[in-house]
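This report refers to the structure that appears directly beneath it.
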Amino acid sequence: MFFLDAMAVPYRLLFVCLGNICRSPSAENIMNHLIEQAGLGDKIQCDSAGTSGYHIGEKPDRRMTQAANAQGIEMRGRSRQLEPSDLEEFDLVLAMDRSNYDGILALDRSGQYADKIKMMCDFCSEHSDTEVPDPYYGGADGFKYVIDLLMDASQGLLDKVVAEEL
Ligand code: 4NP
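Quick note on the working numbering: the sequence shown kicks off at 73 and runs consecutively.
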C-alpha cells in the first residue's frame, strides 16, 4: 500500500487485445470489480484498447458479456484503438497474447516504454497458460474460459500492484 500512496495517483492500467470487444474489456471490467472490492477505486484506474480499429465504438461482444455477467461482472465501455500516447500515459500496459504484445511494441519506436508492457498471463497463479486465447471464432466454452483465466490473472496483478512487485 505504501507503493500506491507514493506513486503518482491514480496508478493507470491499460489492457490490450486485438478488437477490444472480448478479452481486454473483460480484463478491464474484472479488474475494476476487484479494485472496488478492495476499496482501491481512488488509487488504481483501468482502461482497455485494441491494436486494430475493426470494432471502434462498439460495445463488448454479446457472448463475452454473457460469460462475464454469469460471474457477476458488468461489462462497460466501447472499443477504441490503441494510440502511441497510451504508452506514455499509462503506468502498465497488459497484452492478452503475443501478437498483441508485438503490436504494442511496434508503437514504441524508441523502445523507451518496453518495461511497462507485460503479458497478462504472467500474473496467473492457478493457470499455466502463457496467453489469453482469442475466443472470437469459437463457442461459449471459450468465452467462459477467458473469464476464468482473467479472474486469476487480475487477482495476481492487483496483488503485485499493491505489493509493489512490478
Ligand atoms: P478480442 O477478440 O481481440 O479479444 O476483442 C476479437 C475480436 C474481433 C476479432 C478478433 C478477435 N475480429 O477478427 O474481428
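Each residue gets a CB set at the ideal place from its N, CA and C atoms; glycine is no exception.
Please read all numbers here as calculations on a predicted model, not as lab measurements.
query                                                                                                                : result
Residue environment, residue 237, which counts as buried when at least 16 other CB atoms sit within 10 Å             : exposed
Residue 95 Cβ short of 7 Å to the ligand 4NP heavy atom set                                                          : yes
Bounding residues of the beta strand (DSSP E) (the contiguous stretch that carries residue 116)                      : 116 to 122
heavy atom of the ligand 4NP below 7 Å from residue 91 C-beta                                                        : yes
Assigned exposure category for residue 240 - 16 Cβ within 10 Å defines buried                                        : This structure cannot speak to residue 240, because the chain is shown only from 73 to 238.
Exposure of residue 156, with buried meaning 16 or more beta-carbon neighbours within 10 Å                           : exposed
8 Å Cβ shell around residue 186 - same chain, five flanking residues per side excluded                               : 177, 180
For residue 142, the first and last residue of its enclosing alpha helix (DSSP H)                                    : Premise fails: residue 142 is in no alpha helix (DSSP H) and is neither H nor E.
Own chain partners of residue 130 with C-beta closer than 8 Å, once the 5 adjacent residues on each side are dropped : 93, 150, 151
Three or more C-beta pairs below 8 Å linking the segment 197 to 215 and the segment 165 to 173                       : yes
The segment 194 to 202 touching the segment 83 to 100, judged by at least three CB pairs closer than 8 Å             : no
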